[in-house]
Amino acid sequence: MWYPLVLSLHSITRWAVIIFGVMVIAQAVLGIAGRRAWLANDQRGVSGFFWSVNIQIVLGLILYVFLSPVVQGALSDLGGAMRDGRVRFWLVEHMTMMIVALGLVHIGVARIRRAAEAPAKHRAALIFVGIAMLLILVSIPWPGTGADPRPLYRLPW
Ligand code: HEM
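By my numbering, the letter at position 86 of the sequence shown is numbered 1560, and the numbering carries on one by one without gaps.
Next comes the structure, spelled out in structure tokens:
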């Protein structure tokens, strides 16, 4: 019962991550090009991205540690899991890339907060959220790609 529920939430929250990520990148580009101040809307985008990524990571950890039959099966046969690209994707690649992205998001948010001037805030948002988004986008199991493609969204029923 919990597995389909958390897997669906994890599938759908990805869209919040992507929407906020695109919003932050677009606002940072416009902020740099227009040499404009750091506005409340810029801060809202960054907070939305920060929280959606954090929620997504917590859901991922719950799947990884407690619920996912793929990961649980892999942990009982690590050697076999590492030889199977589909299982290795879930055991190592997806989790590692997303946690590196989380690290970048945290560093980026700290840099934005510490920067005194608006241009430095926009630059930090563009660089750190931009690289985090690249890692996230290439590590999502999009339909028709990778070792274990998944649907664009999943409902629990
Ligand atoms: C921004 C971060 C992340 C995004 C955007 C993301 C995205 C996704 C997506 C789209 C799926 C497929 C869901 C489906 O089958 O419908 C998935 C599955 C999964 N993710 Fe993540 N994920 C993230 C972080 C993590 C992290 C940090 C972990 C582990 C610590 C993790 C563990 C898993 C697991 C175990 C599965 C399901 C494997 C299975 O049982 O089939 N995810 N993730």
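The C-beta atom is built at its ideal place from N, Cα and C for all residues, glycine as well. Just so it is clear, the structure is predicted and the values come from calculations on it, not from any experiment.
Quick one, which of the options has its alpha-carbon nearest residue i's?
i	options	result
residue 1566	1515, 1489 and 1534	1534
residue 1571	1613, 1506 and 1511	1613
residue 1488	1588, 1551, 1548 and 1616	1616
residue 1497	1528, 1603 and 1485	1603
residue 1524	1536, 1599 and 1619	1599
residue 1610	1477, 1483 and 1491	1491
residue 1591	1483, 1511 and 1575	1511
residue 1580	1624, 1509 and 1528	1528
residue 1605	1495, 1559 and 1555	1495
residue 1543	1530, 1556, 1553 and 1564	1564
residue 1593	1484, 1483 and 1501	1501
Would you mind sorting residue i into buried or exposed? The rule is 16 or more other CB atoms within 10 Å of its CB.
i	result
residue 1516	buried
residue 1526	buried
residue 1575	buried
residue 1578	buried
residue 1573	exposed
residue 1507	exposed
residue 1561	buried
residue 1540	exposed
residue 1505	buried
residue 1550	exposed
residue 1583	buried
residue 1530	buried
Given 8 Å as the limit, tell me if residue i has its C-beta closer than that to any heavy atom belonging to ligand 1.
i	result
residue 1484	yes
residue 1535	yes
residue 1631	no
residue 1576	yes
residue 1569	yes
residue 1564	yes
residue 1543	yes
residue 1550	no
residue 1436	There is no way to answer for residue 1436, as the model of the chain reaches only from 1475 to 1631.
residue 1572	yes
residue 1557	no
Does any residue of chain D have a CB that is nearer than 9 Å to the CB of residue i?
i	result
residue 1599	Structure shown: chain D not included; a single protein chain is present.
Find out if the Cβ-Cβ distance for the pair residue i, residue j is shorter than 9 Å.
i	j	result
residue 1586	residue 1520	yes
residue 1477	residue 1537	yes
residue 1513	residue 1630	no
residue 1607	residue 1499	yes
**Message:** Please give the ranges of any alpha helix (DSSP H) in the stretch 1504 to 1577, keeping only runs that are unbroken, at least 4 residues long and fully inside the region.
**Reply:** Secondary structure remark: continuous alpha helix (DSSP H) runs of at least 4 residues inside the stretch 1504 to 1577, in chain order: 1514 to 1536, 1543 to 1550, 1552 to 1557 and 1559 to 1562.
**Item:** Start-end ranges of the alpha helix (DSSP H) lying completely within the stretch 1585 to 1616, minimum 4 residues
**Value:** Fully contained in the stretch 1585 to 1616 are the following alpha helix (DSSP H) runs of length 4 or more, in chain order: 1592 to 1598 and 1604 to 1613.
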